[in-house]
Every structure is written in structure tokens, then in C-alpha cells.
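Numbering follows the numbering used here, in which position 86 of the sequence shown is assigned residue number 224; successive positions increment by one, without gaps.
Built from N, CA and C at the ideal position, the CB exists for glycine as well.
Just so it is clear, the structure is predicted and the values come from calculations on it, not from any experiment.
Reading through the C-alpha cells given below for one structure.
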Amino acid sequence: MDILFLQLHLHDDAEIEGFCLKFKDGKSSTIDVPRVFVHITNDLPSLQLRLHCKDKNRDLGEQLLSVGQSFVFDFKPNFFGVSLYFCSFSYVGGFHYFDIYDEHRDKDNCKHECHWKIKNGGPCKEVSPTEEECFQWNKDVLE
139 MDILFLQLHL
149 HDDAEIEGFC
159 LKFKDGKSST
169 IDVPRVFVHI
179 TNDLPSLQLR
189 LHCKDKNRDL
199 GEQLLSVGQS
209 FVFDFKPNFF
219 GVSLYFCSFS
229 YVGGFHYFDI
239 YDEHRDKDNC
249 KHECHWKIKN
259 GGPCKEVSPT
269 EEECFQWNKD
279 VLE
């Protein structure tokens with residue numbers, strides 16, 4: 139079956155809602171791109187967490203989380219497989235950056251939801267109900 143053309147369905151903020159394949163034989167197939175929900179929970183001991191997340195097109199604003207409180211955002215992954223959301227995290231005694239959703243790293247185990255706990259040593263992602271994978275903060279960038 140030869141593809142005649144590909145039609146993309148875009149959302150207001152340039153996220154791809156889905157796409158439609160049209161074939162030379164007159165048949166078509168529509169594929170919806172599922173949303174990913176990213177949950178970020180303050181797991182610092184007795185400290186408030188200030189975070190600010192964005193990607194290259196969308197700024198999610200600054201959030202202030204008490205211990206145990208969560209911030210959730212959602213998006214549709216980029217059609218080309220390069221979605222990247224990054225955040226700054228600040229609290230008494232620390233200021234760090236981390237790529238909270240990197241499609242290359244997260245596409246297989248965060249198909250619909252990513253759950254992160256922010257700790258002093260770095261962010262930890264839930265990979266199963268009983269297991270976390272912890273990461274180092276991004277290296278500081280000097281300009």
C-alpha cells in the first residue's frame with residue numbers, strides 16, 4: 139500500500155493532536171497521539187520547593203510546592219520524537235536544573251504518565267509501584 143500523503147492535525151500551541159495517512163487505494167488511517175501526564179512531587183525533608191518548567195514553545199510558569207504536594211502538566215509528544223521539558227528547582231540549600239521529560243530517555247516507560255519525586259540528591263522517577271530510578275541533576279552550565 140503506497141502512502142499518498144500525510145495530514146497532521148495541529149493544536150493551538152503547535153502540539154500534534156494526531157495524523158491521518160491517505161493511501162493511493164483511497165483508504166485512510168487516523169492515528170491519535172496520546173497525551174503524557176508528568177507528575178512532580180516535592181519529596182524534600184521539610185522544605186518548600188520552587189520549580190519552573192518549560193519546553194521551547196511553552197512556559198508552564200513558576201510553582202511553589204509544600205512537602206508532599208505535586209504539580210502536574212500534560213502535553214502531546216512531538217511528532218518527530220524530540221519532546222523535551224526542562225525545569226529549574228530551587229529550595230533552601232539548592233538550585234538545580236533537570237530535563238524532566240526527555241523523549242529519548244522517557245518514551246518507553248512514560249508512555250502516558252511520568253511520576254517524579256524531587257529529593258536533595260536529585261530527581262527520582264517511579265519505574266514500578268515499588269521501584270524508583272534516581273538521576274543526577276543536570277550539570278551546571280557556565281556562560
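Buried versus exposed, by CB contacts within 10 Å (16 or more), residue i
i, result
"K263", "buried"
"V272", "Looking at the sequence itself, residue 272 is Cys, so the reference to Val does not match. C272 should be labelled exposed."
"F213", "buried"
"P215", "buried"
"S221", "buried"
"D244", "buried"
"T268", "exposed"
Contact set for residue i: own chain, Cβ-Cβ below 6 Å, skip 5 residues either direction
i, result
"L185", "Y229 and V230"
"E251", "F175"
Opening and closing residue of the beta strand (DSSP E) in which residue i lies
i, result
"N195", "Run containing N195: none; DSSP gives neither H nor E here."
"T268", "First-last for T268: undefined, no H or E at that position."
"N180", "V174 to N180"
Sub-9 Å separation of residue i and residue j beta-carbons
i, j, result
"G227", "K192", "According to the sequence as given, residue 227 is Phe; it is not Gly. Cβ atoms of F227 and K192: not closer than 9 Å."
"W275", "H242", "no"
"H253", "H190", "no"
Sequence-distant residues of its chain with Cβ nearer than 8 Å to residue i (five each side left out)
i, result
"E270", "K255, C262, K263 and E264"
"F236", "F224, C225, F227, G260, P261, F273, W275 and N276"
>> What ranges does the beta strand (DSSP E) occupy inside the region 207-265, keeping only unbroken runs of at least 3 residues that lie completely in it?
In response: 208-213, 222-229, 232-240 and 251-257
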